[in-house]
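**Student:** Take a look at this one; I'll ask things after.
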Amino acid sequence: MAAAASPQSQTVGESNLNNTHASLMNYNRTALTKTILKPIQLIHGEPTVRFTFKELDEYAVEEGLHQAVIMKLSYGAPSLQELRKLIPKQLVIKGRCLIGSLAARHLLIRCDLYEDFCSVLSKQFGYLQFNGEQHLFRNFPWTQNFNPKEETSKALAWVSLLDLPPNLFARRPLLSIASAIGKSIAIDKATQDRTRPSTARVKVILDLMDKHPKRVRMHFLDEQSGKLVEHYQQVVFDNLPFYYTYCKHQGHEDDDCRLMIQKNKRGEGNQDDIRQQGDKTNNLEQLQGDARDFLNAKKKKKKN
């Protein structure tokens, strides 16, 4: 009798023992889609798998993370089951989206439609309505170095290009100029409708820790004569949020950081303790000196 196929699920790369007509027809397709695993290296006795940043970006696209948003919730938020019902309705998500818990008070929202991704990410903060209560949320773009204890330094910002030549309002040159500032995700309606020719506005994702240019240099080349004209385009950021590296949070400057204020208070308290301990030490040394003088004088009296 022929050996029966194992009732257990097959492992990656395991051949199918049940050679049916369908399995034979799909053999070539399976061979083409066979997963090629990354090699394992032993470095200092530790098994190590190495990935390039390019590969990580490819895996992110494969998992739909290139259109993913991190939603940070306030304490006392509704359950995950309720949030999966509330978020698509209240954030007006048109297509399919996957909502899951990534960490405590952090949701990972993956949008199938790029339009939904831009719309959700543009709502940088807001409130979810549930059972007559409002629950605060904040949205951030997903990044590979996500840490629930820290807020990413990536943020959205509107960029205004003042007095941009009207012919550069076309999509390709406009997004090319904006790419010198950050990753473009939206063009405002007035720019698209050409109703405000004095200024073009683009929403970009940028890193708050980077140095942001105040202007972009453009070269206009006459291919026939070889003449090169140089133009500097002014860049204005609308309501660019602050980012403080000590607490790893967006939305405040150094002087407003609660963690730093508490640290400074603790430091001042420690300095007071040190000064008090120093005073006590000095007093103790003084008493010890007086006691020695007193005992020496007493010994001299006895001898006399």
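With our numbering as the guide, the letters of the sequence shown map in order to residues 20 to 323. Note that CB positions come from ideal geometry on N, CA and C, so glycine has one too. Being a predicted model, the structure only gives us computed values, none of them experimental.
Does GLN100 come out as helix, strand or coil in the three-state DSSP assignment?
**Tutor:** Residue state for GLN100 is assigned as helix, using DSSP reduced to three classes.
**Student:** Could you tell me the boundaries of the alpha helix (DSSP H) in which PHE149 lies?
**Tutor:** Looking at the DSSP string, PHE149 is not in any alpha helix (DSSP H); the run it does join, the beta strand (DSSP E), is 144 to 149.
**Student:** Thinking VAL223 and ILE206 are a contact (beta carbons under 8 Å), I'd like their distance in whole angstroms, please.
**Tutor:** Not quite, the Cβ-Cβ distance comes to about 10 Å (not below 8 Å), so this is no contact.
**Student:** Would you mind listing the beta strand (DSSP E) stretches within the region 164 to 227 that are 3+ residues and don't spill past its ends, in chain order?
**Tutor:** Here the runs fully enclosed are 173 to 181, 202 to 206, 218 to 226.
**Student:** Check each candidate in PRO58, GLN148, LYS91 and name the one with the smallest Cα separation from ASN166.
**Tutor:** A check of alpha carbon separations from ASN166 across PRO58, GLN148, LYS91 identifies LYS91 as the nearest.
**Student:** Contact between the region 73 to 87 and the region 127 to 134 is defined here as three or more beta-carbon pairs at a separation below 8 Å; is this criterion met?
**Tutor:** yes
**Student:** I need the straight-line Cα distance from GLU134 to ILE112, nearest angstrom please.
**Tutor:** 9 Å
**Student:** Locate the alpha helix (DSSP H) running through PHE72, then write down its first and last residues.
**Tutor:** 72 to 81
**Student:** How close, in whole Å, do the beta carbons of GLU170 and HIS231 come, if the pair is a contact with beta carbons under 8 Å?
**Tutor:** No, GLU170 and HIS231 are not in contact; Cβ-Cβ is about 18 Å, not under 8 Å.
**Student:** Can you tell me whether PRO216 is buried or exposed, with buried defined as 16 or more other CB within 10 angstroms of its CB?
**Tutor:** With fewer than 16 other Cβ atoms within 10 Å, it is exposed.
**Student:** For HIS231, which of helix, strand or coil comes out of DSSP?
**Tutor:** coil
**Student:** Taking its Cβ as the centre, do 16 or more other Cβ atoms sit within 10 Å of GLY95, making it buried, or is it exposed?
**Tutor:** exposed
**Student:** Please say whether LEU225 and ILE200 have beta carbons closer to each other than 8 Å?
**Tutor:** yes
**Student:** Would you report the Cα separation of LEU121 and PRO66, rounded to the nearest angstrom?
**Tutor:** 27 Å
**Student:** Determine the closest residue to LYS202 out of CYS137, ILE59, LYS57, with distance taken between C-alpha atoms.
**Tutor:** Ranking the options by Cα distance to LYS202, first place goes to CYS137.
**Student:** Under the rule that 16 or more other beta-carbon atoms within 10 Å means buried, what is ASN301, buried or exposed?
**Tutor:** Summary for ASN301: the model assigns pLDDT 45, below 50, so the residue's position carries little reliability; its value from the coordinates is reported in the next sentence. ASN301 comes out exposed.
**Student:** Do VAL139 and LEU254 have their beta-carbon atoms positioned less than 8 Å apart in this structure?
**Tutor:** The question names Leu, yet the displayed sequence has Val at residue 254. No, the Cβ-Cβ distance between VAL254 and VAL139 is not below 8 Å.
**Student:** Quick check on the DSSP output: the alpha helix (DSSP H) that includes GLU134 runs from which residue to which?
**Tutor:** 133 to 141
**Student:** Please state whether the Cβ-Cβ distance between ARG157 and PHE144 is less than 8 Å.
**Tutor:** Contact flag set, yes.
**Student:** How long is the line joining the alpha carbons of GLN153 and SER93, rounded to whole angstroms?
**Tutor:** 10 Å
**Student:** Per DSSP, what are the beta-bridge partners of ASN158 in this structure?
**Tutor:** MET90
**Student:** Between LEU175, ILE106, GLU74, TYR251, which lies nearest to LEU183 when the distance is taken from Cα to Cα?
**Tutor:** TYR251
**Student:** Looking at the secondary structure, which residues open and close the beta strand (DSSP E) in which ALA122 lies?
**Tutor:** Unbroken beta strand (DSSP E) run through ALA122: 116 to 122.
**Student:** List the endpoints of the continuous beta strand (DSSP E) containing GLU65.
**Tutor:** 65 to 68
**Student:** Does ILE62 pass the burial test, meaning 16 or more other C-beta atoms within 10 Å, or should it be called exposed?
**Tutor:** exposed
**Student:** I need the DSSP call for LEU16, collapsed to helix, strand or coil.
**Tutor:** Here the chain has residues from 20 to 323 only, and residue 16 is not among them.
**Student:** List the DSSP bridge partners of GLN153.
**Tutor:** GLN148
**Student:** Let me confirm a value: PHE72 is counted as buried when at least 16 other C-beta atoms fall within 10 Å, else exposed. Which label applies?
**Tutor:** exposed
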